[in-house]
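There are 2 protein chains.
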Amino acid sequence: MTAGSTDTSFDGAQPRPRGGRMPRRERRAQLLESALEVFVAQGYHAAAMDDIADRAGVSKPVLYQHFPGKLDLYLALLDTSCDLIIDNCREALASTTDNKDRVTATMKVFYSYVASEEGAFRLVFESDLTSEPDVRERVDRVTTECASMIADVIRTDTGLPDEASELLAVSLVGMAQVSARFWLAGGGEIKQDDAAALIAGLAWRGIRGYPMTDDH
Amino acid sequence: MTAGSTDTSFDGAQPRPRGGRMPRRERRAQLLESALEVFVAQGYHAAAMDDIADRAGVSKPVLYQHFPGKLDLYLALLDTSCDLIIDNCREALASTTDNKDRVTATMKVFYSYVASEEGAFRLVFESDLTSEPDVRERVDRVTTECASMIADVIRTDTGLPDEASELLAVSLVGMAQVSARFWLAGGGEIKQDDAAALIAGLAWRGIRGYPMTDDH
DNA sequence: CTGCACGCCGATCTTGACCTCCACGGTGGA
DNA sequence: TCCACCGTGGAGGTCAAGATCGGCGTGCAG
Numbered sequence: 008m009t010a011g012s013t014d015t016s017f018d019g020a021q022p023r024p025r026g027g028r029m030p031r032r033e034r035r036a037q038l039l040e041s042a043l044e045v046f047v048a049q050g051y052h053a054a055a056m057d058d059i060a061d062r063a064g065v066s067k068p069v070l071y072q073h074f075p076g077k078l079d080l081y082l083a084l085l086d087t088s089c090d091l092i093i094d095n096c097r098e099a100l101a102s103t104t105d106n107k108d109r110v111t112a113t114m115k116v117f118y119s120y121v122a123s124e125e126g127a128f129r130l131v132f133e134s135d136l137t138s139e140p141d142v143r144e145r146v147d148r149v150t151t152e153c154a155s156m157i158a159d160v161i162r163t164d165t166g167l168p169d170e171a172s173e174l175l176a177v178s179l180v181g182m183a184q185v186s187a188r189f190w191l192a193g194g195g196e197i198k199q200d201d202a203a204a205l206i207a208g209l210a211w212r213g214i215r216g217y218p219m220t221d222d223h
Numbered sequence: 008m009t010a011g012s013t014d015t016s017f018d019g020a021q022p023r024p025r026g027g028r029m030p031r032r033e034r035r036a037q038l039l040e041s042a043l044e045v046f047v048a049q050g051y052h053a054a055a056m057d058d059i060a061d062r063a064g065v066s067k068p069v070l071y072q073h074f075p076g077k078l079d080l081y082l083a084l085l086d087t088s089c090d091l092i093i094d095n096c097r098e099a100l101a102s103t104t105d106n107k108d109r110v111t112a113t114m115k116v117f118y119s120y121v122a123s124e125e126g127a128f129r130l131v132f133e134s135d136l137t138s139e140p141d142v143r144e145r146v147d148r149v150t151t152e153c154a155s156m157i158a159d160v161i162r163t164d165t166g167l168p169d170e171a172s173e174l175l176a177v178s179l180v181g182m183a184q185v186s187a188r189f190w191l192a193g194g195g196e197i198k199q200d201d202a203a204a205l206i207a208g209l210a211w212r213g214i215r216g217y218p219m220t221d222d223h
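If you're matching them up, the sequences are chains A and B in order. Using this note's numbering, count along the first sequence one by one with no gaps and you end on 223. Using this note's numbering, count along the second sequence one by one with no gaps and you end on 223.
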């Protein structure tokens, strides 16, 4: 039992060369990148600060010279990821005025986000720190904000009550989230754009038939 | 700072009277019930074995005389909850041959499950132990199994390829999961049956338009 | 050449949670 | 009424992981 990190039978990522020193700003960026990789691969609890430090090729004190604690580090990454998907969703909704295209564009955005190399979406959709209120608030905010923006469109174009519009919008977001995650886990039997288009079709067929649809 | 249990500013559940002894089978059931309450309220990591024992009105050794460890206890509860929703889903799908009714019945089942007093759905949909493979496997299995049963219906009635059917089915499951959770968090502004019916309508409108629908 | 500042590392402390050992009290039989 | 028995309870061990302190090497100003 030497200094070997937790033998999780994973350890697919060997540490960096542990070479020389580095400007402070650059080191911080590298630490963030390493932390993201470790958190994504192992989750919050299973990820040890030692793992992150090793992954970055530095020792633990250096990590604590850049971030006050584990939670702060996690929240920094989580905020980045949450802001990214919310902004992308907003842009997709604003990219057109045709609702069918809106659905398609938004669905594509979700699939792109989930398929992005870094896997940052796991921090949001598969977080294992939901008992922490700070985390819970941010995770919920992703679904809530996205749904709220979608609900505005639904309410405007259908005249449905607020609560119903919100619930429908949350359903569409849930459809995107869950299907995209399982599409990714499935191993790419369907091309990303085809999958997004398929689910966008499902969503659009579902939502278009509601009262006062004057889209054409 | 005496022996007070973790001051989580929660502690909404006072322990049981700590009274006399009890038949073994009954004690076990009570321990499971107490453990479920604590896990649901605090999550796996934040829940301490002391909390569960206190909640049941017994001391820690008794808890260990009934369950080998914390993880086993959690998995027992998780299995019960997973089996329940999968079985309910299967029954709902088999309850009729009309696909529109199938969608409605299945959606109602999801909402009933989420709305059930015990809150056991949190073990499945909001678990904070997804880094554990045993847990991950069970949680994923809920979505996968439900989706698989739904996909059979879709494939049979539409002639879509397997992968597309699975993805569509997963989308419907995700819609149900996420919308039901946020409906519950919303605080009952919409009645349960109305919410389920609304989302069932969305799902049915979405899915009914696919090729080779010979339902009438 | 020498002193200094800076970033880095090995080794350590502490906390907290899971998991067992010595005393107590109620129960059935002689 | 006395005694053996068994389940209960509080106090403690162990260990992993987050968080930290004295020393080292390098490069530069004087």
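Where a beta carbon is used, it is the ideal one built from N, C-alpha and C, also for glycine. Model, not experiment: these values are computed from the prediction.
Q. Would the beta-carbon of Leu205 (chain B) fall within 8 Å of that of Leu174 (chain A)?
A. It is a contact, given that the beta carbons lie within the stated cut-off.
- [ ] Note down, in chain order, every chain A residue with its Cβ under 8 Å from the Cβ of Gly50 (chain B).
- [x] What Gly50 (chain B) touches in chain A: Thr137 and Ser138.
Where does Met114 (chain A) sit, in a helix, a strand or coil, going by DSSP? Three-state result, Met114 (chain A): helix.
Buried or exposed for Arg145 (chain B), please, with buried defined as at least 16 other CB atoms from any protein chain shown within 10 angstroms of its CB.
Arg145 (chain B) comes out buried.
Near Ala53 (chain A), what residues of its chain come up, given a Cβ to Cβ distance below 6 Å and the 5 sequence neighbours on each side ignored?
The beta carbon of Ala53 (chain A) lies closer than 6 Å to none in the same chain, with the five residues before and after it left out.
Quick check: what's the CA-CA separation for Asp164 (chain A) versus Val177 (chain A)?
Rounded to whole angstroms, Asp164 (chain A) to Val177 (chain A) spans 17 Å at the Cα level.
Note down the Cα distance separating Tyr217 (chain A) from Gln199 (chain B), rounded to an integer number of angstroms. In this structure, the alpha-carbon of Tyr217 (chain A) lies about 20 Å from that of Gln199 (chain B).
*asked:* Taking a contact to mean a Cβ-Cβ separation below 8 Å, would you say Ile59 (chain B) touches Cys153 (chain B) in this structure?
replied: No, Cβ-Cβ distance for Ile59 (chain B) and Cys153 (chain B) is not below 8 Å.
Simplified DSSP state of Pro140 (chain B), which is helix, strand or coil: Assignment of Pro140 (chain B) by DSSP, reduced to helix, strand and coil, places it in the helix class.
query: Quick one: what's got a C-beta closer than 8 Å to Met182 (chain B)'s C-beta in the same chain, skipping five residues either side?
result: The beta carbon of Met182 (chain B) lies closer than 8 Å to those of Ile206, Leu209 and Ala210 in the same chain, with the five residues before and after it left out.
Sort A:Thr104, A:Met29 and A:Gly193 by Cα distance to His73 (chain A) and report the nearest one. For the residues A:Thr104, A:Met29 and A:Gly193, the minimum Cα distance to His73 (chain A) belongs to A:Met29.
**Prompt:** Whose C-beta lies closer than 6 Å to the C-beta of Ala203 (chain A) among residues of the same chain, with five residues either side of it excluded?
**Reply:** Hits under 6 Å: Met114, Lys115 and Tyr118.
| field | Cβ pair count under 8 Å reaching 3, the region 62–82 of chain B against the region 126–142 of chain B | value | Enough Cβ pairs lie closer than 8 Å, so yes.
Worksheet item: Arg143 (chain A) to Leu85 (chain A), Cα distance in whole Å?
Response: If I take the Cα positions, the gap works out to 11 Å.
Practice prompt. Would you please state the rounded distance, in angstroms, between the beta carbons of Ser102 (chain B) and Gly50 (chain A)? I believe it to be under 8 Å.
Written response: Contact between Ser102 (chain B) and Gly50 (chain A) fails: their C-beta atoms lie close to 38 Å from each other, not under 8 Å.
Quiz item: If we count the other Cβ atoms within 10 Å of its Cβ and call it buried at 16 or more, is Asp169 (chain A) buried or exposed?
Solution: Classification of Asp169 (chain A): exposed, given that the 10 Å Cβ count is below 16.
Reference Ala122 (chain B); option with closest CA among B:Glu40, B:Arg31, B:Ile157 and B:Val185:
It is B:Val185.
In terms of residue numbering, what span does the alpha helix (DSSP H) encompassing Gly181 (chain B) cover? Segment Asp169 to Gly193, the alpha helix (DSSP H) holding Gly181 (chain B).
- Message: What does the Cβ neighbour count give for Ser66 (chain A), buried or exposed, with the cut at 16 atoms within 10 Å?
- Response: Ser66 (chain A) is exposed by the Cβ-count criterion.
Consider the Cβ of Ala171 (chain B): report whether some Cβ of chain A lies at a distance smaller than 8 Å. Judged by the 8 Å Cβ criterion, Ala171 (chain B) is in contact with chain A.
Determine the closest residue to Phe46 (chain B) out of B:Arg34, B:Arg31 and B:Ser88, with distance taken between C-alpha atoms.
-> Of the candidates B:Arg34, B:Arg31 and B:Ser88, the one whose C-alpha sits nearest the C-alpha of Phe46 (chain B) is B:Ser88.
(Q) I'd like the span of the alpha helix (DSSP H) that includes Ile93 (chain A), first residue to last. (A) Segment Lys77 to Ala101, the alpha helix (DSSP H) holding Ile93 (chain A).
Query raised in the report: Between which two residues does the alpha helix (DSSP H) harbouring Val65 (chain A) extend?
Result: No alpha helix (DSSP H) holds Val65 (chain A); DSSP gives it neither H nor E.
(Q) Tell me the DSSP secondary structure of Ser134 (chain B) in three-state form. (A) Secondary structure of Ser134 (chain B) (DSSP, three-state): coil.
| Less than 8 Å separating the beta-carbons of Asp63 (chain B) and Gln37 (chain B)? | Just to set this straight, residue 63 (chain B) is Ala in the shown sequence, not Asp. Using a Cβ distance threshold of 8 Å, Ala63 (chain B) and Gln37 (chain B) count as a contacting pair.
Check: Apart from the five residues on each side of it in sequence, which residues of its chain come closer than 6 Å, Cβ to Cβ, to Ile214 (chain B)?
Finding: The beta carbon of Ile214 (chain B) sits closer than 6 Å to none of the beta carbons in its chain outside the five residues before and after it.
message = Tell me the residue span of the alpha helix (DSSP H) that contains Ser228 (chain B).
response = Missing from the structure shown is residue 228 (chain B); chain B here goes from 8 to 223 and no further.
TODO: For the region 90–113 of chain B, enumerate the residues whose C-beta is nearer than 9 Å to any C-beta of chain A, in chain order.
DONE: Residues of the region 90–113 of chain B whose Cβ lies closer than 9 Å to any Cβ of chain A: none.
Could you tell me the distance, in whole angstroms, from the CA atom of Leu130 (chain A) to the CA atom of Arg31 (chain B)? Just so you know, the alpha carbons of Leu130 (chain A) and Arg31 (chain B) end up roughly 42 Å apart.
(request) Drop a sphere of 10 angstroms on the beta-carbon of Glu124 (chain B), count the other beta-carbons inside from all chains shown, and report buried for 16 or more, exposed for fewer. (result) Exposed: under 16 other Cβ atoms inside 10 Å.
Could you check if Glu33 (chain B) is buried or exposed, using at least 16 other CB atoms within 10 Å of its CB as the buried criterion?
-> Glu33 (chain B) is exposed by the Cβ-count criterion.
Consider the Cβ of Met182 (chain B): report whether some Cβ of chain A lies at a distance smaller than 8 Å.
Yes, Met182 (chain B) counts as interfacial toward chain A.
Residues in the region 203–221 of chain A having any Cβ partner in chain B nearer than 9 Å:
Listed by position, the residues of the region 203–221 of chain A near chain B (Cβ gap below 9 Å) are Leu205, Ile206, Gly208, Leu209, Ala210, Trp211, Arg212, Gly213, Ile214, Arg215, Gly216 and Tyr217.
Checklist line | For Asn106 (chain A) and Val160 (chain A), believed in contact at Cβ under 8 Å, the rounded distance | finding: That pair is a contact at about 7 Å.
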